[in-house]
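Peer 1: In this note's numbering, the protein residues as written are 51 to 325.
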Amino acid sequence: MSTKVAVVTGSNKGIGFAIVRGLCKRFAGVVYLTSRDVTRGRNAVEQLEKEGLKPNYHQLDITDEKSIETFRDYLKQKYGGLDVLVNNAAIAFKHDAPDPASVQAEQTLFVNYFSLLSACNILFPILRDGARVVNISSSCGHLSHIPSEKLRQRLQEPTLTIEELSQLLKQYVEAAKNGTQAAEWGNSSYVVSKVGVTALTKIQQRMLADRDIKVNSVHPGYVDTDMTSHKGPLTIDEGAVAPLFLALDAADSVKGEFVWYNKDIVSWNGPYPSK
Ligand code: NAP
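1) Please name the residue, chosen from P323, T211, R261 and D287, that lies closest to K252 on a Cα-to-Cα basis.
2) How do the stretch 243-257 and the stretch 155-174 stand: do at least 3 beta-carbon pairs fall below 8 Å, yes or no?
3) Would you mind working out which of R76, K128, N62 and L250 sits nearest E213, comparing C-alpha positions?
4) Which of the three DSSP states, helix, strand or coil, is assigned to A181?
5) Is it the case that the Cβ atoms of L103 and R71 are separated by a distance below 9 Å?
6) Give a single yes or no on whether N138 has its beta carbon closer than 8 Å to a heavy atom of the ligand NAP.
7) On a Cα-Cα basis, can you pick out the residue from V88, I315 and E307 that is closest to Q254?
8) Please return the same chain residues whose Cβ sits closer than 8 Å to the Cβ of F295, not counting the five positions on each side in sequence.
9) So which of A68, K305, N266 and V265 has the shortest CA-CA distance to L98?
10) Indicate the three-state DSSP secondary structure (helix, strand or coil) for V304 in the structure shown.
11) Can you grab the Cα-Cα spacing for the pair Q217 / Y163, in whole Å?
12) Pairing CB atoms from the stretch 202-209 with CB atoms from the stretch 84-99, are three or more of them under 8 Å?
13) May I ask which residues mark the beginning and end of the beta strand (DSSP E) holding Q255?
14) For the stretch 259-272 against the stretch 223-235, are there 3 or more C-beta pairs whose distance is under 8 Å?
15) So, with DSSP's three-state summary, where would you put S152?
16) Which of the three DSSP states is assigned to Y82 in this structure?
17) For Y124, which three-state DSSP category applies?
18) Per DSSP, which one or two residues make a beta bridge with L284?
19) Taking 8 Å as the cut-off, is the C-beta of S85 nearer than that to any heavy atom in the ligand NAP?
20) In this structure, does DSSP put S317 in helix, strand or coil?
21) Taking DSSP's pairing of strands, which residues face N137 in a bridge?
22) What are the start and end residues of the beta strand (DSSP E) that includes Y222?
23) I'd like the list of long-range same chain contacts for R76, defined as Cβ closer than 8 Å, with 5 residues on each side in sequence excluded.
24) Distance, Cα to Cα, N171 vs P323?
25) Just to confirm, are A139 and S165 a CB contact at a threshold of 9 Å?
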């Protein structure tokens with residue numbers, strides 16, 4: 051039997067790091083901690099080794115297609131495939147960031163949606179039967195955050211394709227450049243990027259309907275990390291609970307869902323889940 055392989059993007063710190071820690075403890079196979087910066091990644095591996103865990107390491111910058119392709123080729127050659135992919139890497143501008151909305155929109159969508167999509171486009175062909183993909187979304191990825199009824203309808207259409215979704219998100223970036231995004235899309239590029247990730251998850255699961263592959267998105271909770279300026283009440287290990295549940299434990303029937311940090315499946319296009 052071939053060795054099973056799990057990969058977490060952006061896992062040198064924060065929730066991704068804790069997901070690697072949890073996978074090292076429970077996943078029956080090799081676990082890859084990956085990072086865009088090799089030194090930060092190696093330091094993170096060392097930290098887990100001090101805890102008696104044995105993560106593997108590979109460089110992976112999701113904004114760099116060459117980096118993703120190099121990693122895919124390495125995995126394919128060494129193991130023949132991939133069994134768990136956690137798309138965790140993301141960025142968020144701080145609330146008081148001086149960067150104009152146009153820059154925030156372009157960069158946030160580029161990393162959180164378009165680069166996550168590149169990683170999927172390049173890595174999905176080596177997913178093995180039985181594979182699980184976990185897209186780390188956010189409470190911000192709930193559809194109710196989008197003000198325009200017309201857009202909400204469009205984003206949840208059961209026939210929406212990835213190309214059409216990407217086109218809509220490009221239109222958002224263009225609108226942000228013209229300063230006309232707020233009425234339809236709201237004021238947060240992070241929200242739009244995570245709504246995009248959640249919508250993408252549903253399309254990906256539809257496209258994989260004839261394969262034994264589960265794709266789900268998850269809100270990990272409000273977590274004490276650099277991204278939240280350490281304001282979140284949950285520890286990184288608590289933030290890793292729901293992602294690990296989807297990567298390892300969720301019933302096979304859980305497919306294309308949006309899952310809350312307490313492991314509840316929530317209605318993406320229903321009312322915003324109560325606290
Ligand atoms: P974090 O502490 O800022 O960690 C983000 C990780 O992503 C870092 O390892 C970072 O690497 C990496 N990264 C950024 N750009 C990358 C790229 N181009 N290629 C590869 N890695 C990249 O954030 P976090 O709070 O753990 O967030 C993890 C995930 O949970 C994100 O998807 C976030 O949106 C989501 N989330 C977080 C919260 C929360 O309360 N914290 C709530 C909801 C959702 P560097 O160290 O090199 O920057």
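Beta carbons are placed, not taken as given, at the ideal position from N, Cα and C, and that holds for glycine.
Peer 2: So, from the listed chains and residues:
1) As a working mapping, residue 252 is identified with position 202 in the sequence shown. Closest by alpha carbon: T211.
2) yes
3) What you label residue 213 is simply residue 163 of the sequence shown in a count that begins at 1. The candidate whose alpha carbon is nearest that of E213 is L250.
4) Counting from 1 along the sequence shown, the entry for residue 181 is found at position 131. Of the three classes helix, strand and coil, the one that applies to A181 here is strand, per DSSP.
5) Taking the sequence shown and counting its residues from 1, one reaches residue 103 at position 53. Taking the sequence shown and counting its residues from 1, one reaches residue 71 at position 21. Going by C-beta atoms, L103 is nearer than 9 Å to R71.
6) Here residue 138 refers to the residue found at position 88 of the sequence shown. Answer for N138: yes, Cβ within range of the ligand NAP.
7) Taking the first residue of the sequence shown as position 1, residue 254 is located at position 204. Of V88, I315 and E307, the smallest CA-CA separation from Q254 is found for E307.
8) Position 245 of the sequence shown holds residue 295. Correct list, in chain order: V309 and K313.
9) Taking the first residue of the sequence shown as 1, we reach residue 98 at position 48. With distances taken between Cα atoms, L98 lies closest to A68.
10) In the sequence shown, counting from the first residue as 1, residue 304 sits at position 254. In the structure shown, V304 sits in coil (DSSP, three-state: anything other than H, G, I, E or B).
11) For the purposes of this step, residue 217 is taken as residue 167 along the sequence shown, with counting starting at 1. For the purposes of this step, residue 163 is taken as residue 113 along the sequence shown, with counting starting at 1. For Q217 and Y163, the distance between alpha carbons rounds to 12 Å.
12) no
13) Sequence index remark: in the sequence shown, residue 255 carries index 205 (1-based). Element bounds for Q255: not the beta strand (DSSP E) but the alpha helix (DSSP H), S239 to M257.
14) no
15) As a working mapping, residue 152 is identified with position 102 in the sequence shown. S152: helix per DSSP, three-state reduction.
16) Position 32 of the sequence shown, counted from the first residue, corresponds to residue 82. It is a strand residue.
17) Here residue 124 refers to the residue found at position 74 when the sequence shown is read from its first residue. In this structure, Y124 counts as helix in the three-state DSSP scheme.
18) Within the sequence shown, the letter at position 234 stands for residue 284. For L284, which the question treats as bridged, DSSP gives the partners V273.
19) By 1-based counting over the sequence shown, the position of residue 85 is 35. Checking the Cβ of S85 against the ligand NAP gives yes.
20) On the sequence shown, residue 317 is found 267 positions in, with the first residue counted as 1. In the structure shown, S317 sits in coil (DSSP, three-state: anything other than H, G, I, E or B).
21) Residue mapping note: residue 137 aligns to position 87 of the sequence shown, counting from 1. Bridge partners of N137: N185.
22) Numbered from its first residue, the sequence shown carries residue 222 at position 172. Premise fails: Y222 lies in the alpha helix (DSSP H), I212 to N228, not in any beta strand (DSSP E).
23) On the sequence shown, position 26 is the one that residue 76 refers to. Around R76: L294 and L298.
24) Counting from one through the sequence shown, the residue named residue 171 turns up at place 121. Counting from one through the sequence shown, the residue named residue 323 turns up at place 273. Taking the straight line joining both Cα atoms gives about 31 Å.
25) Translated into the one-based positions of the sequence shown, residue 139 becomes position 89. Translated into the one-based positions of the sequence shown, residue 165 becomes position 115. Taking 9 Å as the Cβ cut-off, A139 and S165 qualify as a contacting pair.
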